[in-house]
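Chemist: Under full-length UniProt numbering, residues 1 to 88 are what the sequence shown spells out, in order. One structure follows; several queries about it will come next.
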Amino acid sequence: MAGQLFEFVELAVAPGRRKKGIGRMLHDELLKTTNHATSILTTSTDNLPAIQLYKQCSWQVVKDCAAVIPNLPPLVIMGKELWKEEVK
1 MAGQLFEFVE LAVAPGRRKK GIGRMLHDEL LKTTNHATSI LTTSTDNLPA
51 IQLYKQCSWQ VVKDCAAVIP NLPPLVIMGK ELWKEEVK
């Protein structure tokens with residue numbers, strides 16, 4: 001049976017390559033390779049381009065100002081349902 005949660009840890013595009021759809025392509029390809037039911041990620045609260053991309057890709061904000069790592073700025077936690085089991 002597949003694992004239930006996939007942690008989407010890092011996605012970065014070099015500054016000179018941004019705004020060309022590379023981030024979305026990497027995102028989509030990575031998630032196509034997993035067989036987990038849901039995924040979770042964190043990003044900086046001020047990383048508006050990333051937050052916007054994730055929202056466009058159907059991610060939902062779980063917590064918008066989470067103290068995930070002590071002594072570091074808070075993060076946005078987002079989640080995404082990757083597949084649904086058929087209801088019988």
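By construction, the Cβ of each residue, glycine as well, lies at the ideal position given by its N, Cα and C atoms.
I need the boundaries of the alpha helix (DSSP H) containing C22, first residue and last residue.
Modeler: Walking along the sequence shown from the start, residue 22 turns up at place 22. It is Ile, not Cys, that sits at residue 22 in the sequence shown. Looking at the DSSP string, the run of the alpha helix (DSSP H) that includes I22 is I22 to K32.
Chemist: Which value, in whole angstroms, describes the spacing of the CA atoms of K55 and K19?
Modeler: Position 55 of the sequence shown, counted from the start, is the residue given in the question as residue 55. Position 19 of the sequence shown, counted from the start, is the residue given in the question as residue 19. Spanning the two alpha carbons is a distance of roughly 16 Å.
Chemist: Since L31 and S44 should fall inside the 8 Å C-beta cutoff, what is the C-beta to C-beta distance between them, to a whole number of angstroms?
Modeler: Taking the first residue of the sequence shown as 1, we reach residue 31 at position 31. Taking the first residue of the sequence shown as 1, we reach residue 44 at position 44. Their Cβ separation, rounded to whole angstroms, is 21 Å, which puts L31 and S44 out of contact at 8 Å.
Chemist: In whole angstroms, what separates the C-alpha of residue 91 from that of P49?
Modeler: As displayed, the chain neither begins before 1 nor continues past 88, which places residue 91 out of reach and without an answer.
Chemist: Which first and last residues belong to the alpha helix (DSSP H) in which L48 is found?
Modeler: On the sequence shown, position 48 is the one that residue 48 refers to. Annotation for L48: the continuous alpha helix (DSSP H) segment containing it runs L48 to Q56.
Chemist: Out of curiosity, what's the CA-to-CA distance linking E7 and L41?
Modeler: As a working note, residue 7 is residue 7 in the sequence shown. As a working note, residue 41 is residue 41 in the sequence shown. Spanning the two alpha carbons is a distance of roughly 6 Å.
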